[in-house]
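Structure first, then comments.
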Amino acid sequence: MAINWFKYSAPSTFYALAGKLIPWFAVSAAMLFAVGLYIGFFVAPVDYQQGEFYRIIFIHVPASILSMFLYLVMAAYAALGLIFNTRLSAMMATAIAPTGALFAFISLWTGALWGKPMWGAWWVWDARLTSELILLFLYLGYMALHSSIDDPRRADRASALLAIVGSVNVPIIYFSVKWWNTLHQGSTIKFSGTSMHVAMQQAMFITLAACWLYAIAVVLARVRSIILEREHQTKWVAELSEVRT
Amino acid sequence: MTGLDIWMRENPLTYVWLGSYVVALLIFAVEIVLVRHKRKLTLEQIRLLREAGEED
Amino acid sequence: MKELTLFSMLKLVIRRDMILAMRRRADVLTTLIFFVMVVSLFPLGVGPEMEMLRKIAPGVLWVAALLASMLSLGRLFSADHQDGTLEQMMLTPQPLAVIVLGKIVAHWMVSGLPLVLIAPVLGIQFDMQAETLGILILGLLLGTPVLSMIGGIGAALTLGLRGGGVLLSLLVLPLCIPILIFGTAAVDAVATGLSPVSHLSLLGALLVLALTFAPWVAAQALRISME
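Chains as they are written, first to last, in this note's numbering: chain A, 499 to 743; chain B, 51 to 106; chain C, 1071 to 1297.
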């Protein structure tokens, strides 16, 4: 099946497409959340080592994965916008940043809540928690730079460059933090990936998919507003039914 | 052991729900509200701009 | 006018920026005094126990150097931007990256190198031994140029923005974390009787990486900011 992807790279067609897709993504995200949490809380057994506390992973792990993944997606869109000068990709990058930052925050928050009963402290300078914190800083820097430049074109391009530099830096940061952590003998309790019960894995993957769909829905909704803002002087915006009324 | 430590060990599920899931869902809810609010604002702004343009 | 080779262009930019900096010695001194002050505040904050001070010394010196280098970054392009020199520089036939590299090198020589040179004195305040002190200086010598390079990108991106200074730190500090980690880890390694070579070579690798890419990225950032 040949879909003309370039058709959807024009803001006007993408605006309409996104509007049609958002409810689907949102509804399926809500349904998957419900299913995932049901399996996570009622089907998955209690972990012999961590008790009931391990059930935090059904939100913690998806949030961590998405916060990292969204940064890469954001940098990819930013790079596309910078290289090919496509308007839509720059707008997508801007729309992704707040959601990514929120997922990073959720990951940190739930990590701290998991740490208290496991490590006896809210915050442990664990390699993954520390990298996540730095990732949150990178998101905040991106958003701060974007919002402090008035000219949208310059804002897009400058923050795109920052996102690209940041994404090159992310592996270096992760590696250095891990190195630093082993040097200072960090904690030993970990989510044991191999001994995880099948139901635990299922629940985690389902909530991961739910978070993913949620992120897509929110980003699309945000990018629709950004498209309207940027294109408000064009004819197609003036002809939209929601603008005319 | 402080009071909170004892409480969380006695009620682990409440701790997990209140601490993680309610907070996360609240954050999602706030984000959704903000996004919808932004859409409303943007639409209003564009309508105002258009009206101003038509009067000229 | 005869054609300038890249290298002579580089030398020219460095010399020009050095002369300009020497005319404003107060700026250079401010960074240095800030560095000394921040480092001297730590014993007052955490107490005078020599054992602890010796332990935190590398971290304190590195963090202070990081903050001090942020302080002077705002000046990297702003003066040239205000009097229009930067626009002229962008019109030269030589690649902008070379000019940017020259400016960064000059900036490091007036704001990074003095920190490295004064660090031994501050290290002695923290009762550091000659061996650990040597590694600290070596690490600073390798690491502070990278801080200037990354900072150069940030300075180019935030050129002419309101609240530029704080914003600049917000952008650049997270990117500098690996330097901080490897720099302090090298000193820790020596203090515990291990070899600091791996940490120092990682710092060296980051320096090479920054030297190859940072001037070019900063030049792109300048083009974006000057449009």
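The beta-carbon is built from N, C-alpha and C at its ideal position, and this holds for glycine as well.
Nothing here was measured: the structure is a model prediction, and the numbers come from that model.
Cβ-Cβ separation between A:I594 and A:L568: approximately 5 Å, consistent with a contact (criterion under 8 Å). Against B:L93, the close residues of chain A are L726, E740, V741, in the order they occur along the chain (beta-carbon pairs closer than 8 Å). Minimum Cα-Cα distance from A:W710 among the listed residues A:S507, A:W612, A:F531 corresponds to A:F531.
Taken through DSSP and simplified to helix, strand or coil, A:G549 comes out as strand.
Annotation: B:E101 to B:R89 spans about 18 Å, alpha carbon to alpha carbon.
Neighbours of A:W734 in chain B, taken as residues at a C-beta separation under 9 Å, are lacking, since the least C-beta distance is about 12 Å. Below 8 Å, too few C-beta pairs join the segment 1267-1279 of chain C and the segment 1154-1165 of chain C to call them touching: fewer than three.
An exposed status is given to C:E1297, since fewer than 16 other beta-carbon atoms sit within 10 Å of its beta-carbon. Going by DSSP, C:Q1195 is part of the alpha helix (DSSP H) stretching over 1183-1195. Burial check for C:V1278: the Cβ neighbour count within 10 Å stays below 16, so the residue is exposed. The way I'd put it, the segment 1221-1229 of chain C does touch the segment 1169-1189 of chain C; three or more beta-carbon pairs between them come closer than 8 Å.
Excluding the 5 residues flanking it on each side, A:R585 has same chain C-beta neighbours closer than 8 Å at P509, G579, R728, in chain order.
Within 10 angstroms of the beta-carbon of A:Y640 lie 16 or more other beta-carbons, which makes it buried. The residues V1130, L1131, A1134, L1192, in chain order, have a CB closer than 7 Å to that of C:V1109 in the same chain once the five nearest residues on each side in sequence are set aside.
Look at A:R626: its C-beta is not under 8 Å from any C-beta on chain C. Taking the beta carbon of B:V83 as reference, no residue of chain A falls within 7 Å; the closest one sits roughly 11 Å away. Under the 10 Å beta carbon count, A:D649 is surrounded by fewer than 16 other beta carbons and is classified as exposed.
For the pair C:E1201 and C:S1078, the Cα-to-Cα distance works out to about 38 Å. Contact of A:P615 with chain B by beta-carbon distance below 9 Å involves D55, M58, R59, P62, Y65.
Contacts between A:N583 and chain C, judged by CB atoms closer than 7 Å, are missing: the closest CB pair is about 12 Å apart. The residue among A:V741, A:R652, A:I554 with its C-alpha nearest the C-alpha of B:P62 is A:I554. Using a Cβ-Cβ cut-off of 8 Å, A:H644 does not count as an interface residue toward chain B, since no Cβ of chain B sits closer than that to its own. Around the beta carbon of C:V1267, fewer than 16 other beta carbons lie within 10 angstroms, which makes this residue exposed. With the criterion set as a beta carbon lying under 7 Å from some beta carbon of chain A, the members of the segment 1263-1294 of chain C are V1287, Q1290, A1291, I1294, in sequence order.
C-alpha of A:W677 to C-alpha of A:S657: approximately 29 Å in a straight line.
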